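Visitor: Residue numbers (full-length UniProt numbering), protein chains in the order written: chain A, 1 to 333; chain B, 1 to 333; chain C, 1 to 201; chain D, 1 to 201. Mind having a look at this structure? Questions to follow.
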Amino acid sequence: MKKLINAPDRVVTEALEGMAAAHPDLLTVHLDPAYIMRADAPVKGKAALVSGGGSGHEPMHGGYVGRGMLDAACPGAVFTSPTPDQILAATRAVTGEQGALHIVKNYTGDVMNFDMAADLAREEGLRLEAVIIDDDVAVKDSLYTAGRRGVGGTILAEKICGGAAEAGADLGSLARLCRDVNASVRSMGVALTSCTVPHVGKPSFELGEDEMEFGIGIHGEPGRKRVGMESADRIADMLMQPILEDLPFRRGDPVLLFVNGLGGTPLIELYIVYRAAHRIAQAHGLTVARSLVGSYITSLEMAGTSITLLRLTDEMTRYWDAPCVTPALRWGA
Amino acid sequence: MKKLINAPDRVVTEALEGMAAAHPDLLTVHLDPAYIMRADAPVKGKAALVSGGGSGHEPMHGGYVGRGMLDAACPGAVFTSPTPDQILAATRAVTGEQGALHIVKNYTGDVMNFDMAADLAREEGLRLEAVIIDDDVAVKDSLYTAGRRGVGGTILAEKICGGAAEAGADLGSLARLCRDVNASVRSMGVALTSCTVPHVGKPSFELGEDEMEFGIGIHGEPGRKRVGMESADRIADMLMQPILEDLPFRRGDPVLLFVNGLGGTPLIELYIVYRAAHRIAQAHGLTVARSLVGSYITSLEMAGTSITLLRLTDEMTRYWDAPCVTPALRWGA
Amino acid sequence: MLCVWLRRAAQVIDDRQDSLSVLDAVIGDGDHGANMARGFRAVAGKLDEPPPDVAALLKLVGMTLISTVGGASGPLYGTFFLDMGKAARDVSALDVPAWRTLLAAGVAGVAARGKAVAGDKTMLDALIPAVAALSGTQSGPDTPQALARAAEAARQGAEATIPMIARKGRASYLGERSAGHEDPGAASSALLLTALADTAG
Amino acid sequence: MLCVWLRRAAQVIDDRQDSLSVLDAVIGDGDHGANMARGFRAVAGKLDEPPPDVAALLKLVGMTLISTVGGASGPLYGTFFLDMGKAARDVSALDVPAWRTLLAAGVAGVAARGKAVAGDKTMLDALIPAVAALSGTQSGPDTPQALARAAEAARQGAEATIPMIARKGRASYLGERSAGHEDPGAASSALLLTALADTAG
Ligand SMILES: Nc1ncnc2c1ncn2[C@@H]1O[C@H](COP(=O)(O)OP(=O)(O)O)[C@@H](O)[C@H]1O
Ligand SMILES: Nc1ncnc2c1ncn2[C@@H]1O[C@H](COP(=O)(O)OP(=O)(O)O)[C@@H](O)[C@H]1O
Ligand SMILES: [Mg+2]
Ligand SMILES: [Mg+2]
Ligand SMILES: [Mg+2]
Ligand SMILES: [Mg+2]
């Protein structure tokens, strides 16, 4: 394991200290329990957005804290859901009279920990809603699984709801909008290499030189199947087809196309994937109205990509375009 | 070699097509000869900024084209300087009466190709200045080398000069400011893994599990020495000491601290390095006034980091803070 | 005795941290060992001045696990101890019926929180057989013997998860690929019960 | 004859592309083979309807290399052919003195553009001995023989770069670590001259 770290059990804390030092204008970082909040939180008269999850997916979620996006984020240990006391402390710190929305990715651990935190927060008299994001079409949603995972769609939900919250949307509307986004977004990913969890010290799985793990999650969990290596165009097609069929996306739909890097894949390759995905979307009759290309939800140093497609409403487009000022996503201000 | 590509000789063109599709609002992409320019170029009454270099360093330089930064960028083949006709065509496309500044990284190939292009452009009657960036302290600057390489400082020069050009600075002042930035900036990098040039198909060098390549460039050129693997804190120190001594940076200097990822290193590790570098800067008596953390000048999928330190003047800080709207760097607008 | 058990559990979990994480890497995300070790280290740190009664101690353990483990196992093991703590208000001596009451309450809490049932390839597949082994005990044998039988049932239950297809938690994403591997949570549950039996024995 | 040479050069460069890139990977950035192959492929593509005279053809080759090779070798080899083309205005038949004039002009152009001298571990270390070999030719031997001698001098010159410490180009960043490896540009220069000799022979 070759990593720019000091010790596996100091990774999260030291990265948080680094974020605090790098973005004093944007963020306030609390270490025990660990959470990151807007430097100007709580923002009077605004409903708060709180998210969180395991670390190792940077810039998600801490990099999305700031004006026009999240009010607070709770980082767990690497690939481990945060604990209820963390989530409670973060929620308490940023929530005013307008209440708070928890945006939770659909993993058993995340759901249970956010649930427990929400119960505690409500006992303290805070108004709270929670929305679960489950956009990963690689996982069969059935009675026999924990349901679909939350992946790339999470960031789109956070940005769009963040724009709405900044514009004064009340808690009920925010929860409704967040559910709308979740209902309209689909994702799928592929890994070319594994990642190594610092305290494990060896790769989570081994992939041959000619193999890729298809339908991968963001925790180094194995995907649904291992297949032979393919060209970028073919990979884009293998990711796009299940996404297109699932919603389904239809001719004429305006969409946001998001090509994401999993951490170890360079930007030049993401643009090659974007090119292919954009052509497939156009051939399907979609109007690609907005795009995002980069490593925004990662799995440590894993090489690979995921594609996320969101069917936009005018409301979503408006809040996507709204200003945001966070370490990782910033425009309009 | 596992890459998200279709064929080695289509990498650059297809990535450019991807950029064109992803950023139609910001960029116009020309394919033969290849260059990327601001969608609104030429901008009347403004001196133009043109840069370029080999591909494989994304988002540099194409990702920095846009309002408040570059007017055009010329991407060569992977790790190969662009050709004079490319540079000439790009310069011609964006240059008006205020002339243009070529920002050139100090590599024999870049310097010669930009030189030839500048000669041709001047023959066509264009006003042209060129500034060479050579901030890499890993290379001894002596009669016996091609001189120091241009690395991370390039991006700071492009942002700061871009801000000044947008504010109406004339060509002479821009060239002077660019030289000032270059005179005040120092960088150094380390690689934990090699990268693989697509048409070569195997890693540029081999590194053992316990080794790192110290003083690495951004083309997979070997560094000055191979040393044992170290902790993030120690690596930050090994990079910072030569940087601090070289300028030298002095107690009380206000600085911009830029921790860069080389392509395969995840953001969480960069923040750990940033934390260490920030502490070292503070211990040295510097005031870290501005920061940048992320993968902004890369070497394909190479794992590793580089640190760049710039001693700020008020003028530089003002133009660093000025709005910019590019695919990779965006704020204030 | 509770403190001795918890210290021994912390020790065993720490020793077996890597093998638990390896189990989790195969069908999950490779953090179960680290999660449990972090949690039980925190628990051990609270045992120097333990609360006076069993109920309070179990509650403290539950709260500590909840606020340090994270992931799926944090709330589940946390609930396990919290609910044992609630049930402990009704027991006096830690004899076989008392352990049956406590563990049954803990297991019911886990099942309620995780909405899993036997056969879903989770920690419940080790915990349920353990409680059953205690319940099956006819005339009061001595406590060490009964707990040893419970631990053995837990170990067998954990082993029996190998062929199962996961229907809950992260392993369920794998579908049929989850078969052929022991569930890490079942493995850690077996370790906890073995530590308990060793403490009593 | 020029066209035959250039086609053969394109073929040889293409065949040896990988080994040139490997040389460059060790002390440079691994692209020299691809750069040269791209350039000479473009040159070959221009030979179906070549310009009528030697000077114009050499100029076209130079311009083509400049606009397709990139890197350090693009302007250098481009200048090499451009300056040969300028000198070609003064020669009529392609005999030994003519080749001496052309190659000397090309080499002078490379030296001027790259500001390198013999011993800097560059393509000049193959080119300069080749020109010297032609100049050393006393009474006019036949052209094939003389060009063969020049090619042999270039090959030896390339080999002689192995122990050198680079003082120009990318390899100079390595300092003493650049010793022990052949310079890729010297190797490609030797290939070009060998192709020329083979064409004449
Ligand atoms: N719904 C559930 N009910 C009971 N146990 C569960 C459930 N989901 C997961 N588990 C248990 O949790 C274990 C995984 O714990 P851990 O790796 O610490 O958390 P995570 O899966 O969040 O990484 C599984 O092996 C399984 O035994
Ligand atoms: N200043 C120079 N003068 C002469 N030849 C040079 C000079 N700099 C580099 N070269 C030659 O160019 C070769 C490298 O070419 P190439 O790899 O195509 O370009 P780059 O170094 O830009 O990647 C070197 O091996 C050397 O022979
Ligand atoms: Mg986990
Ligand atoms: Mg090169
Ligand atoms: Mg786990
Ligand atoms: Mg080269």
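Note that the Cβ used here is the ideal one computed from N, Cα and C, for glycine as well. Quick caveat: nothing in here was measured; it's all calculated off a predicted structure.
Which bits of chain B does D:Leu-23 rub up against, with CB to CB less than 7 Å?
Guide: By Cβ distance, chain B contributes nothing, its closest Cβ being about 11 Å from D:Leu-23, past 7 Å.
Visitor: Rounded to whole angstroms, what's the CA-CA distance from A:Leu-128 to A:His-30? Just pull it up for me.
Guide: If I take the Cα positions, the gap works out to 22 Å.
Visitor: Just mark A:Thr-308 as buried or exposed, buried being the case when its beta carbon has 16 or more other beta carbons within 10 Å.
Guide: Buried, by the Cβ-count rule.
Visitor: If we count Cβ pairs, one from each stretch, closer than 8 Å, do we get three or more for the region 324-333 of chain B versus the region 73-89 of chain B?
Guide: Contact fails: fewer than three Cβ-Cβ distances are below 8 Å.
Visitor: By the three-class DSSP mapping on this structure, what secondary structure does B:Arg-122 have?
Guide: Helix at B:Arg-122.
Visitor: What are the boundary residues of the beta strand (DSSP E) that A:Ala-100 is part of?
Guide: Unbroken beta strand (DSSP E) run through A:Ala-100: 100-105.
Visitor: Please return the same chain residues whose Cβ sits closer than 6 Å to the Cβ of A:Gly-150, not counting the five positions on each side in sequence.
Guide: Excluding residues within five positions, the ones whose Cβ falls inside 6 Å are Lys-105, Asn-106, Ile-133 and Asp-134.
Visitor: Spatial neighbours of B:Asp-110 within its chain, please: C-beta separation below 7 Å, excluding the five flanking residues on both sides.
Guide: Taken in chain order, the residues that qualify are Gly-53, Ser-81 and Val-104.
Visitor: Whose C-alpha, out of D:Asp-48, D:Gln-11, D:Leu-196 and D:Lys-59, is nearest the C-alpha of D:Met-36?
Guide: Comparing Cα-Cα distances from D:Met-36 to each of D:Asp-48, D:Gln-11, D:Leu-196 and D:Lys-59, the minimum goes to D:Gln-11.
Visitor: Which residues have their C-beta within less than 5 Å of a heavy atom of ligand 4, listed in chain order?
Guide: With the cut-off at 5 Å, the residues found are B:Phe-79, B:Thr-80, D:Asp-29, D:Asp-31 and D:Gly-71.
Visitor: Looking at the strands, I want to know which residues DSSP matches up with B:His-30.
Guide: According to DSSP, which records beta bridges pairwise, B:His-30 is partnered with B:Tyr-35.
Visitor: Taking all protein chains shown into account, do 16 or more other C-beta atoms lie within 10 angstroms of the C-beta of A:Thr-287, making it buried, or fewer, making it exposed?
Guide: Answer is exposed; the Cβ neighbour count stays below 16.
Visitor: List, in chain order, every chain B residue whose beta-carbon is nearer than 7 Å to that of D:Pro-75.
Guide: Residues of chain B passing the Cβ test: Met-112, Asn-113 and Met-116.
Visitor: In the structure shown, what three-state DSSP assignment does A:Leu-192 receive?
Guide: If DSSP states are grouped into helix, strand and coil, A:Leu-192 belongs with coil.
Visitor: Check whether chain C comes within 7 Å of A:Glu-221, counting only Cβ atoms and requiring the distance to be less than that.
Guide: Closer than 7 Å to some Cβ of chain C, the Cβ of A:Glu-221 qualifies, so yes.
Visitor: How big is the Cα-Cα spacing for B:Pro-242 and D:Leu-65?
Guide: Using only the alpha carbons, I get a separation of about 40 Å.
Visitor: With a CB to CB cut of under 8 Å and the five nearest residues on each side skipped, what residues in its chain are close to D:Lys-46?
Guide: The residues are Leu-60, Val-61 and Thr-64.
Visitor: Beta strand (DSSP E) containing A:Phe-258: first to last residue?
Guide: 254-261 is the extent of the beta strand (DSSP E) around A:Phe-258.
Visitor: Against chain B, does D:Gly-109 count as a neighbour if the rule is that its beta carbon must be under 7 Å from one of theirs?
Guide: Cβ-Cβ to chain B under 7 Å: no for D:Gly-109.
Visitor: Any idea what DSSP makes of A:Phe-214, helix, strand or coil?
Guide: Note: A:Phe-214 maps to strand in three-state DSSP.
Visitor: Residues in its own chain within less than 7 Å of D:Leu-193 by CB, not counting five upstream and five downstream?
Guide: Cβ within range, chain order: Ala-130, Ala-150, Ala-151 and Ala-154.
Visitor: Does A:Thr-305 have its Cβ less than 7 Å from a Cβ in chain B?
Guide: It does; some Cβ of chain B falls within 7 Å.
Visitor: Which chain D residues sit within Cβ distance under 8 Å of B:Arg-149?
Guide: Here the neighbours are Tyr-173.
Visitor: Would D:Gly-106 and D:Ala-126 qualify as a contact pair, given that the criterion is a beta-carbon distance under 7 Å?
Guide: For D:Gly-106 and D:Ala-126, no; Cβs fall outside 7 Å.
Visitor: Looking at chain B, is there any beta carbon in it that lies within less than 7 Å of the beta carbon of D:Ile-162?
Guide: No, no contact with chain B.
Visitor: With C-beta atoms as the reference, is A:Val-137 less than 7 Å away from A:Arg-186?
Guide: Yes, these two residues count as a Cβ contact at 7 Å.
Visitor: When you measure from the CB of A:Ala-277 to every non-hydrogen atom of ligand 2, does any distance come out below 6 Å?
Guide: Checking every heavy atom of ligand 2 against the Cβ of A:Ala-277, none is found closer than 6 Å.
Visitor: Could you tell me the distance, in whole angstroms, from the CA atom of B:Thr-28 to the CA atom of B:Ala-39?
Guide: Answer to the nearest angstrom: the Cα atoms are 5 Å apart.
Visitor: Alpha carbon to alpha carbon, how far is B:Met-229 from A:Lys-2? Give it in angstroms, no decimals.
Guide: Rounded to the nearest angstrom, the two C-alpha atoms are 8 Å apart.
Visitor: Report yes if the C-beta of C:Gly-185 is less than 6 Å from at least one heavy atom of ligand 1; otherwise report no.
Guide: Because some heavy atom of ligand 1 lies under 6 Å away, the Cβ of C:Gly-185 counts as near it: yes.
Visitor: Which of the three DSSP states is assigned to D:Pro-97 in this structure?
Guide: Three-state DSSP puts D:Pro-97 in a helix.
Visitor: Would you mind stating whether residue 353 of chain B and B:Leu-174 have Cβ atoms separated by less than 7 Å?
Guide: What is shown of chain B runs 1 to 333, which leaves residue 353 of chain B out entirely.
Visitor: Could you tell me how far apart the beta carbons of A:Val-50 and A:Ala-90 are, in whole angstroms, since I believe they sit closer than 8 Å?
Guide: 6 Å between Cβ atoms; contact.
Visitor: So B:Thr-313 is in the alpha helix (DSSP H); what residue range does that whole segment cover?
Guide: Unbroken run through B:Thr-313: none, as it is neither H nor E.
Visitor: For the candidate residues A:Gly-208, A:Leu-120 and A:His-219, whose alpha-carbon lies nearest to that of A:Val-227?
Guide: The option with the nearest alpha carbon to A:Val-227 is A:Gly-208.
Visitor: Would you check if the distance between the CB atom of D:Glu-176 and the CB atom of D:Ile-162 is smaller than 7 Å?
Guide: No, Cβ-Cβ distance for D:Glu-176 and D:Ile-162 is not below 7 Å.
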